[in-house]
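Chemist: These protein sequence lines map, in sequence, to chains A and B. Per the working numbering, the first sequence starts with residue 1, numbered consecutively. Per the working numbering, the second sequence starts with residue 1, numbered consecutively. Take a look at the following structure, please.
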Amino acid sequence: MIKNLTPMQLDAIREVGNIGAGHAATVLSQLLKQRVSMTVPQVNILPLNEACNVVGGLEQPMVGIFLRVFGDAPSKILYLFPEDKALFVAGLLIDDPEKCRNILGELEVSALKEIGNILTGAYVYAFSDFTKLHMIPSVPAFAFDMVGAILNTILADLGEMGDYAVLIDTRLIACDLSIDGHFFLIPDPGSLTTILEALGVKNECQSQSGSECQK
Amino acid sequence: MPKSIRVGMSEIVVAEAPDILVTIGLGSCIGVCVYDPVIKVGGMAHIMLPDSTAAKEVTNRGKFADTAIPDLVELMQKKGAIKQRMLVKKAGGAQMFAYPGTNSQTHIGYRNAVAAEKALEALGLKVSGKSIGGHSGRSIYMDLATGVIRVKTLNSPEIIL
């Protein structure tokens with residue numbers, strides 16, 4: 001498991017996040033019919049006991065749409081955004097205002113999953129195209145709960161393989177609607193190496209982490 | 001002045017009155033709380049996975065139910081707690097995401113709960129209070145002055161264990 005990345009490797013991973021999230025942001029912008037800005041992706045490599053804190057405010061309620069990615073570099077994808085915008089976002093796909101109620105019912109959840117599906121599809125497609133890695137996203141799963149519990153559940157099974165979590169975090173912000181969401185790519189342990197290899201920077205190693213690399 | 005001590009994923013913490021042990025945002029993980037009311041020493045383990053034998057290597061015993069629980073009890077005993085007096089309570093093990101094609105017996109939260117029960121039984125400890133399963137995340141606040149454990153969820157009233 002890689003804990004230290006060289007600046008060049010970090011840059012390469014950030015670029016992957018950038019391209020993926022860029023596509024997702026374009027799609028979100030088309031859905032919302034307004035400008036969506038994104039931050040430079042952050043690559044967090046954290047011990048599991050700290051990884052839940054990446055979003056802060058562990059008890060704040062958020063909507064999480066979660067997919068697994070199968071294929072060459074198995075990963076997880078999580079799109080998190082504030083719950084008070086959930087109904088509005090769901091309404092984007094439910095044209096008929098008569099049908100749109102004021103609670104997160106089955107129809108609303110289904111619409112949100114579909115939006116997660118569309119955004120993730122854009123991210124995975126761009127990622128896969130850039131790295132030439134074969135990637136297949138699963139069907140989306142939905143949760144509405146405290147953000148700590150959502151991350152807790154997603155990160156738990158990483159523990160079977162190691163003590164660290166890699167989170168590639170890009171914020172997608174629709175300013176006028178103040179929808180401030182996080183888009184996470186969480187490679188499974190081992191997948192980071194595959195991704196670095198696909199990007200041609202696997203052997204870019206620092207002298208102090210010499211044991212980690214295979215020449 | 002009581003201080004709150006955070007128990008993160010895979011951590012085991014033992015402390016004494018008047019401190020408060022807190023774990024926020026338990027999803028499929030389980031918080032196992034052990035308390036000795038006589039000396040007012042309590043501990044909490046934040047367990048992520050059921051079985052250490054399924055893992056490639058065990059670098060952190062706090063992650064697994066079958067290793068974290070014996071460690072927690074041992075740490076308690078080092079602080080002077082006596083097994084016969086220990087009160088055991090647990091919370092967590094929710095199924096946060098419902099996938100198509102999964103049932104309630106296979107999700108990790110359920111397996112964590114079963115493994116925790118088994119590990120406690122092996123040590124001869126009985127659970128006197130629990131809030132397990134369901135679909136909601138939980139936060140646990142364990143007051144070491146009284147042994148009272150409050151479990152908070154987003155949408156339902158607080159539970160006292």
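All C-beta atoms, glycine included, are put in the ideal place defined by N, C-alpha and C.
With 9 Å set as the bound, which would you pick, yes or no: does the beta-carbon of Phe81(A) sit closer than that to a beta-carbon of chain B?
Modeler: Here residue 81(A) is taken as the residue at index 81 of the first sequence, counted from 1. No, because no Cβ of chain B sits closer than 9 Å to the Cβ of Phe81(A).
Chemist: Taking the C-alpha atoms as reference points, what is the distance between Gly71(A) and Leu196(A)?
Modeler: Counting from 1 along the first sequence, the entry for residue 71(A) is found at position 71. Counting from 1 along the first sequence, the entry for residue 196(A) is found at position 196. Their Cα atoms are separated by approximately 15 Å.
Chemist: So for Met146(A), helix, strand or coil by DSSP?
Modeler: The count along the first sequence starts at 1 and reaches residue 146(A) at position 146. The answer is strand: DSSP assigns Met146(A) an E or B state.
Chemist: Distance cutoff 9 Å, beta carbons only. Does Cys33(B) sit that close to anything in chain A?
Modeler: For the purposes of this step, residue 33(B) is taken as residue 33 along the second sequence, with counting starting at 1. Closer than 9 Å: no.
Chemist: Measure from the C-beta of Phe66(A) to each C-beta in chain B and report whether the shortest distance is under 9 Å.
Modeler: Reading the first sequence from its first residue, position 66 is the one you call residue 66(A). At least one chain B Cβ lies under 9 Å of Phe66(A).
Chemist: Alpha carbon to alpha carbon, how far is Leu161(B) from Pro7(A)?
Modeler: Numbered from its first residue, the second sequence carries residue 161(B) at position 161. Numbered from its first residue, the first sequence carries residue 7(A) at position 7. Roughly 49 Å separates the two Cα atoms.
Chemist: Span of the alpha helix (DSSP H) holding Ala86(A)?
Modeler: Position 86 of the first sequence holds residue 86(A). From DSSP, the alpha helix (DSSP H) with Ala86(A) extends over 86 to 93.
Chemist: Per DSSP, which residues does Val130(A) bridge with? Please list them.
Modeler: In the first sequence, counting from the first residue as 1, residue 130(A) sits at position 130. The sequence given here has Phe at residue 130(A), not Val. Paired residue(s): none; Phe130(A) is not in a bridge.
Chemist: For the alpha helix (DSSP H) that contains Ser131(B), what are its first and last residues?
Modeler: For the purposes of this step, residue 131(B) is identified with residue 131 of the second sequence, where counting begins at 1. Here Ser131(B) belongs to no alpha helix (DSSP H); instead the beta strand (DSSP E) covers 127 to 132.
Chemist: Contact check, Ser138(A) vs Arg68(A) under 8 Å by CB: the rounded distance?
Modeler: By 1-based counting over the first sequence, the position of residue 138(A) is 138. By 1-based counting over the first sequence, the position of residue 68(A) is 68. Contact holds; Cβ gap of about 4 Å.
Chemist: Using 9 Å as the limit for Cβ to Cβ distance, is Thr59(B) near chain A?
Modeler: Translated into the one-based positions of the second sequence, residue 59(B) becomes position 59. So, interface residue.
Chemist: Could you tell me whether the Cβ of Ser131(B) comes closer than 9 Å to any Cβ of chain A?
Modeler: For this step, residue 131(B) is matched to residue 131 along the second sequence. No - not a single Cβ of chain A is within 9 Å of the one on Ser131(B).
Chemist: Keeping to the same chain, check which residues put their C-beta closer than 8 Å to that of Val127(B); ignore five residues upstream and five downstream.
Modeler: In the second sequence, the residue the question calls residue 127(B) occupies position 127. The residues are Val88, Lys89, Lys90, Glu117, Leu120.
Chemist: Spatial neighbours of Gly93(B) within its chain, please: C-beta separation below 7 Å, excluding the five flanking residues on both sides.
Modeler: Here residue 93(B) refers to the residue found at position 93 of the second sequence. Contacts found: Ser28, Ile30, Gly109, Tyr110, Asn112, Ala113, Ile132, Gly133.
Chemist: What are the boundary residues of the alpha helix (DSSP H) that Asp71(B) is part of?
Modeler: Residue numbering aside, residue 71(B) sits at position 71 when the second sequence is read from its first letter. Its alpha helix (DSSP H) spans residues 65 to 78.
Chemist: Taking the continuous beta strand (DSSP E) assigned at Asn44(A), which residues delimit it?
Modeler: Counting from one through the first sequence, the residue named residue 44(A) turns up at place 44. Looking at the DSSP string, the run of the beta strand (DSSP E) that includes Asn44(A) is 42 to 47.
Chemist: Do Asp36(B) and Ala65(B) come within 9 Å of each other at the CB atom, strictly closer than that value?
Modeler: By 1-based counting over the second sequence, the position of residue 65(B) is 65. By 1-based counting over the second sequence, the position of residue 36(B) is 36. Going by C-beta atoms, Ala65(B) is not nearer than 9 Å to Asp36(B).
Chemist: Hey, quick one: how far does the alpha helix (DSSP H) through Asp192(A) stretch, first residue to last?
Modeler: Here the question's residue 192(A) lines up with position 192 in the first sequence. It should be pointed out that residue 192(A) corresponds to Leu in this sequence rather than to Asp. Its alpha helix (DSSP H) spans residues 191 to 198.
Chemist: Please name the residue in Gly17(A), Ala111(A), Ala126(A) whose C-alpha comes closest to that of Pro140(A).
Modeler: For the purposes of this step, residue 140(A) is identified with residue 140 of the first sequence, where counting begins at 1. The shortest Cα separation from Pro140(A) among Gly17(A), Ala111(A), Ala126(A) belongs to Ala111(A).
Chemist: According to DSSP, is Ser209(A) helix, strand or coil?
Modeler: On the first sequence, position 209 is the one that residue 209(A) refers to. Confidence is the limiting factor: at Ser209(A) the pLDDT is only 44, short of 50, which leaves the residue's position unreliable and the question unanswerable from this model.
Chemist: Using a C-beta cutoff of 9 Å, does Asn152(A) count as contacting chain B?
Modeler: As a working note, residue 152(A) is residue 152 in the first sequence. Judged by the 9 Å Cβ criterion, Asn152(A) is in contact with chain B.
Chemist: Can you check which of these residues, Phe142(A), Asp11(A), Ala25(A), Asn4(A), is closest to Val124(A) by C-alpha distance?
Modeler: Translated into positions along the first sequence, residue 124(A) becomes position 124. Here the closest residue by C-alpha is Ala25(A).
Chemist: Is the Cβ of Asn49(A) closer than 9 Å to any Cβ of chain B?
Modeler: Along the first sequence, read from residue 1 onward, the residue named residue 49(A) stands at position 49. So yes, Asn49(A) belongs to the interface.
Chemist: Leaving out five residues on either side along the sequence, give the residues of the same chain with a beta carbon under 6 Å from the beta carbon of Gly129(B).
Modeler: Within the second sequence, residue 129(B) is the residue found at index 129, counting from 1. Closer than 6 Å at the Cβ level, and outside the excluded window around Gly129(B), lie Lys89, Leu161.
Chemist: For Leu72(B), I'd like the list of residues in its chain whose CB is within less than 8 Å of its CB, leaving aside the five on either flank, ordered along the chain.
Modeler: For the purposes of this step, residue 72(B) is taken as the residue at position 72 of the second sequence. Correct list, in chain order: Ile12, Val14, Val32, Val34, Gly43, Met44, Ala45.
Chemist: Report the partner residues of Glu16(B) according to the DSSP bridge assignment.
Modeler: For the purposes of this step, residue 16(B) is taken as the residue at position 16 of the second sequence. BP columns for Glu16(B) point to Val41(B).
Chemist: Taking DSSP's pairing of strands, which residues face Lys46(B) in a bridge?
Modeler: To locate residue 46(B), count along the second sequence from 1; it is residue 46. Reading the sequence as shown, one finds His at residue 46(B) and not Lys. Answer is Gly31(B).
Chemist: Excluding sequence positions up to five away, which residues of its chain have a Cβ less than 7 Å from the Cβ of Phe130(A)?
Modeler: On the first sequence, position 130 is the one that residue 130(A) refers to. Cβ neighbours of Phe130(A) beyond the five flanking positions: Val16, Ile19.
Chemist: Since Leu11(B) meets chain A, which of its residues come closer than 9 Å, beta carbon to beta carbon?
Modeler: The residue labelled residue 11(B) in the question sits at position 11 within the second sequence. In the sequence as displayed, the identity of residue 11(B) is Glu instead of Leu. Those within 9 Å of Glu11(B) in chain A are Asn49.
Chemist: Assuming Ile168(A) contacts Val43(A) under a Cβ cut-off of 8 Å, what Cβ separation, rounded to an integer in Å, is found between them?
Modeler: Counting from one through the first sequence, the residue named residue 168(A) turns up at place 168. Counting from one through the first sequence, the residue named residue 43(A) turns up at place 43. With a Cβ gap of about 5 Å, Ile168(A) and Val43(A) count as contacting.
Chemist: Would you list, in chain order, the members of the stretch 141 to 167 of chain A that have their beta-carbon closer than 9 Å to a beta-carbon of chain B?
Modeler: Listed in sequence order: Ala141, Phe142, Ala143, Phe144, Asp145, Met146, Val147, Gly148, Ala149, Ile150, Leu151, Asn152, Thr153, Ile154, Leu155, Ala156, Asp157, Leu158, Gly159, Glu160, Met161, Gly162, Asp163.
Chemist: Could you work out which residues of chain A lie near Lys90(B), taking near to mean beta carbons separated by less than 8 Å?
Modeler: Stepping through the second sequence from its first residue, residue 90(B) is reached at position 90. Under the 8 Å cutoff, chain A gives no residues; its nearest Cβ is about 15 Å from Lys90(B).
Chemist: If you compare alpha carbons, which of Leu5(A), Leu119(A), Glu59(A) is closest to Ile65(A)?
Modeler: Here residue 65(A) is taken as the residue at index 65 of the first sequence, counted from 1. The shortest C-alpha separation from Ile65(A) is found at Leu119(A).
Chemist: I'd like to know whether the C-beta of Gly210(A) is nearer than 9 Å to at least one C-beta of chain B.
Modeler: In the first sequence, residue 210(A) corresponds to position 210, counting from 1. Low local confidence applies: a pLDDT of 42 at Gly210(A) is under 50, so the model's placement there is unreliable, with the coordinate-based value given in what follows. No - not a single Cβ of chain B is within 9 Å of the one on Gly210(A).
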